[in-house]
Amino acid sequence: MTLFPVVFIPENENEGLLQANFSKYAYADKVARLLSVATSDDFQTSLLLRPSTKVPGLYAAHACTINNAQPNVRATRLSMACGLFRLRFYGNVVLWRTDFSTLSLSDVLTTCCVTPDLRKCVRQVLVVDHASPVPDVPMWLANAAKENYHDGAVLEKLAAAMIEEKPADEHSRGNSCDNSTVSETIRDQEDSENELLNATDSIEKLQDVPSLQTVTRHFVTNEPLCIHCRGPASVLCSDCRGVYFCTAPRSCRVLGWSHDCQCKTWELYISRRTGLSTFHLGPWSQILTSRPFQTSSTPYEKFLRELGVEETSQSWWRTEWDGWEGGTGRSARTVDVTTRETYISGLAPVTDIPPERAVTVDDTIRLTLLDRNEVGMLKLTSWREYYQLRDVRESSPIGLLLSFPLTLYYAIVMHGSVPCTVAHMLNRPLRIHVVGVEKELNFLDLFKEVSFLLPDDVAVELVFVVRKDMLPPSLSHMNNSFEIRLTNTLLLVLTMGTYGDSLDPNFDCGSGPPDMIMAFNAGLFAYESWRSVVTFLNLHPSVVGVFTDYNEYSGLHCASLGGASARESLRVNPFRQPRAMPVYSMNLPQMSNGFLYVFNEQKLE
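Here the working numbering is used: position 162 in the sequence shown is 155, and no number is missing along the way.
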């Protein structure tokens, strides 16, 4: 007799998870009994992973009505690991997979009981028994968030097609098709907690509406917000100290019980603040990562003024005043891409700056531990090494601006060996498409530094893809592309459009398809347009994608869209901006280009 393996997750966390095997014919009655309901008509099934030709699906059975049922934290924690952030379970839950496929307790135990963060390094720290190695996450679960994300993209296209096919007169009568189910499925992955995935002190965000058309919404605040109701709050979670909740008489802490699913994980993230804030630079970096800078933008504005940088400054430093809104920011309105600036003028009033030339052999002598990668590129692993290489005193705050070109260089060195080798064999430049360009428009000439650090036999074509709505008024007359020769080996191409939508990456960006795709601070859940980038990388596994993010929580979930290997690649970026960024919806360590992860990683054999 064929047996049906299931895992039972009681609502009471004091009760252990159970594994059972039911016969196919008695399955429904036994599941109903576990769920404490009368018949199979009294429970429903939620899809955690759609079945495919390669992987059986994962389902969760739970009671149709919750009534007095308690939140099931462990089952909800599993749904978060699958990338389904809005799915909440109450009461007992039973898991099974299609086609009587194997489902063991060890497959889901750590995820249900410990953390939705599937990285082995995190699970090993959080598991109580540190002496025993944690079991590996099965690949079907490790890739569930990726599969669910791409399913959402397909559903979105289907819903959009349904709307387009609807006759106009039906809309005028108010009888438009009800696509709320489809929309809800899509937003299951992208609403609610996704505001946390992309939180900064001032956010401009595109959000779907029921018609699946996008509108612009602004989330701007200068005070902490409750994670549950988004109202003003000042009390941190007493356990992890990572999120804010309203105090009594409001019951936000109780209603926001889903935070319990990741409270211990956030406590671990918070514990890393000291390491993330350590740069071994001058006292200025210690000041800029101190508590006042974590909670308000005012101290940083004061620092800039003391540096001699005002809001009206015309140097590259102006982007630190309000460069976070791309073409809509005041700093970008004066950008003129036809005008070149030197390091001296662009970095003024700071005078302790790197030389505007390529690295020489004499420069490398300053570093006693300097290493190179497989294709001969200098492996810089810290700001201190960079400062020594470029003969800049550690008292200079230039790292605040150089985070972008140095992060790009680091991505090429760590993940570009195969693309560089292929480009060299084809006798053409390495093609890198930088997507989501915004504040980078303010200091285009600073990207010369990438060329200065690379070997002189490595040519790079750097394509900056700028959405039309991000272009400053001074660039409104620009054609689809504009070329800037920064150095003999670095060509910068500005291209206007939406990557994968109005622009075909294979034909419309630069001289050809990308070898690498790069995006800075790319909260992949923030804008709908990121779907096309993620989809392109999924369909082109030979293209390496490197992304940075502000904090570990956002980086984790965005990296999960690239699958298990991308999630495991998430790490601290050594060239993150050496200052803390204030963020008001949570208390996680947050820095520009703080974390880095890679899709489609390749190794030279």
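Every residue gets a Cβ at the ideal spot worked out from N, C-alpha and C, and that includes glycine.
All figures in this text were calculated on a predicted structure; none of them were measured in a lab.
Which whole-angstrom value is the C-beta distance of residue i and residue j, which I expect to be below 8 Å?
i    : j    : result
I425 : V456 : 7 Å
V30  : F15  : Not confirmed; about 16 Å, so no contact.
C256 : C233 : 5 Å
R116 : T103 : 5 Å
L445 : A519 : One point to set straight first is that residue 445 is Phe, not Leu, in the sequence displayed. Not quite, the Cβ-Cβ distance comes to about 32 Å (not below 8 Å), so this is no contact.
V677 : Y237 : For residue 677 there is no data in the structure shown, the boundaries of the chain being -6 and 598.
F397 : F513 : 6 Å
F592 : G538 : 4 Å
S525 : D501 : With a Cβ gap of about 13 Å, S525 and D501 do not count as contacting.
Y262 : E545 : 5 Å
E349 : T335 : 6 Å
With a CB to CB cut of under 6 Å and the five nearest residues on each side skipped, what residues in its chain are close to residue i?
i    : result
T38  : Y52, A54
L399 : F568
P347 : R383, V385
W133 : V48
I477 : L485
V443 : P398, L401, Y402
K23  : F15
E453 : The amino acid occupying residue 453 in the given sequence is Val; Glu does not appear at that position. Excluding sequence neighbours, V453 sits near P422, L423, L483.
V427 : F457, M511
Following the continuous beta strand (DSSP E) through residue i, name the residue where it begins and the one where it ends.
i    : result
D542 : 537 to 542
L589 : 588 to 592
M132 : Here M132 belongs to no beta strand (DSSP E); instead the alpha helix (DSSP H) covers 132 to 135.
T335 : That residue, T335, is in no beta strand (DSSP E); it is neither H nor E in DSSP.
H55  : 51 to 56
V427 : 423 to 428
I510 : 509 to 512
So the alpha helix (DSSP H) residue i belongs to, where does it begin and stop?
i    : result
L401 : 392 to 408
Q381 : 376 to 382
E442 : 441 to 446
T103 : 98 to 106
N531 : 523 to 532
Y546 : 545 to 552
S558 : 557 to 562
E294 : 291 to 300
S278 : 276 to 281
Please classify residue i as buried or exposed, where buried requires at least 16 other C-beta atoms within 10 Å of its C-beta.
i    : result
D75  : Correcting the residue identity first, residue 75 is Cys in this sequence and not Asp. C75 should be labelled buried.
Y543 : buried
N586 : buried
E4   : buried
P292 : buried
K432 : buried
K441 : buried
Q570 : buried
V527 : buried
Y379 : buried
G224 : exposed
N136 : buried
H252 : buried
S45  : exposed
N65  : buried
E8   : exposed
G339 : buried
A19  : exposed
A644 : No information on residue 644 is available, as it lies outside the stretch -6 to 598 that the chain covers here.
V354 : exposed
G516 : buried
N172 : With a pLDDT of only 35 at N172, under the threshold of 50, the placement of this residue in the model should not be trusted, and no figure is reported.
Name, in chain order, the residues that DSSP records as bridge partners for residue i.
i    : result
T271 : In DSSP, T271 forms no bridge with anything.
R452 : Inspection of the sequence shows that residue 452 is occupied by Ala rather than by Arg. Beta-bridge pairing links A452 to no other residue.
A13  : V(-1)
P225 : L218
Y83  : P64
S39  : A53
T488 : V458, S474
T480 : L483
F436 : Answer by DSSP bridge pairing: none, since F436 is not bridged.
L616 : Limits of the chain in this structure are -6 at one end and 598 at the other, which puts residue 616 out of reach.
With a CB to CB cut of under 7 Å and the five nearest residues on each side skipped, what residues in its chain are close to residue i?
i    : result
G548 : D542, L563, F588, Y590
G505 : R424
K139 : S553, L554, G555, G556
K17  : T(-5), F(-3)
E594 : H408, V537, S558, S562
S289 : P575
G249 : I220, H221, F238
A146 : R524, T528
Could you pull out every residue in the same chain whose Cβ sits closer than 8 Å to the Cβ of residue i, ignoring the five residues on either side in sequence?
i    : result
V406 : N366, M370, L371, K372, L373
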